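Participant: Heads up: the sequence lines are chains Z and S, in that order. Per this note's numbering, the first sequence runs over residues 26 to 140. Per this note's numbering, the second sequence runs over residues 6 to 118. In this text, a Cβ means the ideal position worked out from N, Cα and C, and glycines have one as well. This structure is a prediction, so every number in the text was calculated from the model and none was measured.
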Amino acid sequence: SQKIEQNSEALNIQEGKTATLTCNYTNYSPAYLQWYRQDPGRGPVFLLLIRENEKEKRKERLKVTFDTTLKQSLFHITASQPADSATYLCALVDSNSNSGYALNFGKGTSLLVTP
Amino acid sequence: KAGVTQTPRYLIKTRGQQVTLSCSPISGHRSVSWYQQTPGQGLQFLFEYFSETQRNKGNFPGRFSGRQFSNSRSEMNVSTLELGDSALYLCASSLISVTDTQYFGPGTRLTVL
């Protein structure tokens with residue numbers, strides 16, 4: 026069966042350090058992968074999309090890597106700040122669904138950045 | 006542009022009742038998708054509507070249904086509510102497809118007693 030796995034345990038890091046979050050998947054052949062941020066009580070917000078032919082993508086302090094051989098994406102936040110504290114979700118398109126396409130999300134990793 | 010709006014934000018119902026949730030997408034977005042989020046299962050895709058037609062569907066029972074109007078606004082209905090339906094229901098819009106970047110609303114928190 027298809028799975029998207031993210032670290033279930035919260036990640037606690039000190040301000041200024043680099044946070045690294047992992048997204049592993051099985052039984053997907055994704056053309057791209059998306060990362061979202063979700064704050065408590067709010068809907069997810071899109072952060073980055075990386076395509077299968079892109080090894081790495083950057084946006085300000087964010088960096089995403091995508092290894093289709095390892096079936097893994099890493100999400101890095103450099104020089105982390107307390108405002109980066111949130112839950113981060115990765116998402117993949119399921120094109121094998123019997124009912125068409127679906128966008129499937131991992132359960133997310135909670136990041137806490139302390140001063 | 007105004008973001009995705011959802012009403013109501015909070016709702017309390019009892020088992021057996023039915024509920025209708027509403028979503029207004031970003032102007033110009035024609036695809037509207039619905040998701041259920043619970044602590045145990047995470048964020049799960051319910052269905053997607055485009056041009057007033059359900060185009061894609063997740064693995065949920067028929068008690069969950071929806072519709073889309075000509076102005077792209079969408080409603081979701083849950084009939085015969087069960088305790089397990091308590092969740093945050095999120096609506097997301099995108100330009101064309103559920104496979105595009107999703108722009109989420111703030112969600113409707115449904116509690117079933």
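1. Could you check where the beta strand (DSSP E) with I29(Z) kicks off and where it finishes?
2. Three or more C-beta pairs closer than 8 Å, one from the segment 36 to 44 of chain Z and one from the segment 105 to 119 of chain Z: is that the case here?
3. Identify every run of the beta strand (DSSP E) within the segment 89 to 119 of chain Z, keeping only runs that are complete inside it and at least 3 residues long; order them along the chain.
4. What would DSSP say about G89(S), mapped onto helix, strand or coil?
5. Are at least three pairs of beta-carbons, each pair with one atom in the segment 94 to 104 of chain Z and one in the segment 15 to 23 of chain S, less than 8 Å apart?
6. In chain order, what residues of the same chain have a beta carbon less than 7 Å from the beta carbon of A92(S), not counting five sequence neighbours either side?
7. What are the residues in the segment 103 to 118 of chain Z lying within 7 Å of chain S by C-beta distance?
8. Keeping to the same chain, check which residues put their C-beta closer than 8 Å to that of G33(S); ignore five residues upstream and five downstream.
9. Among D64(Z), Y50(Z), S54(Z), Q27(Z), which residue has its Cα nearest to the Cα of S135(Z)?
10. Using 7 Å as the limit for Cβ to Cβ distance, is L26(S) near chain Z?
11. Anything in chain Z within Cβ reach of V103(S), meaning under 9 Å, just list it in chain order.
12. May I ask which residues mark the beginning and end of the beta strand (DSSP E) holding S27(S)?
13. Under 8 Å: do the segment 78 to 86 of chain S and the segment 48 to 65 of chain Z share three or more Cβ pairs, one atom per stretch?
14. Going along chain S in order, which residues have a C-beta closer than 8 Å to the C-beta of F71(Z)?
15. Looking at C-alpha atoms only, which residue of S27(S), D90(S), F52(S), V9(S) is the closest neighbour of P69(Z)?
16. How would you list, in chain order, the residues of chain S whose beta-carbon sits under 7 Å from the beta-carbon of R67(Z)?
17. Between S82(S) and chain Z, is any beta-carbon pair separated by less than 7 Å?
18. Please decide whether G63(S) counts as near chain Z, where near means a Cβ-Cβ distance under 7 Å.
Facilitator: Result, derived from the coordinates:
1. 28 to 31
2. yes
3. 97 to 102
4. helix
5. no
6. Q41, Q42, T43, L115
7. L114, V118
8. K6, L100
9. D64(Z)
10. no
11. V118, G125, Y126, A127, L128
12. 24 to 29
13. no
14. T106, Q107, Y108
15. V9(S)
16. P111
17. Contrary to the premise, residue 82(S) reads as Asn rather than Ser in this sequence. Not an interface residue.
18. yes
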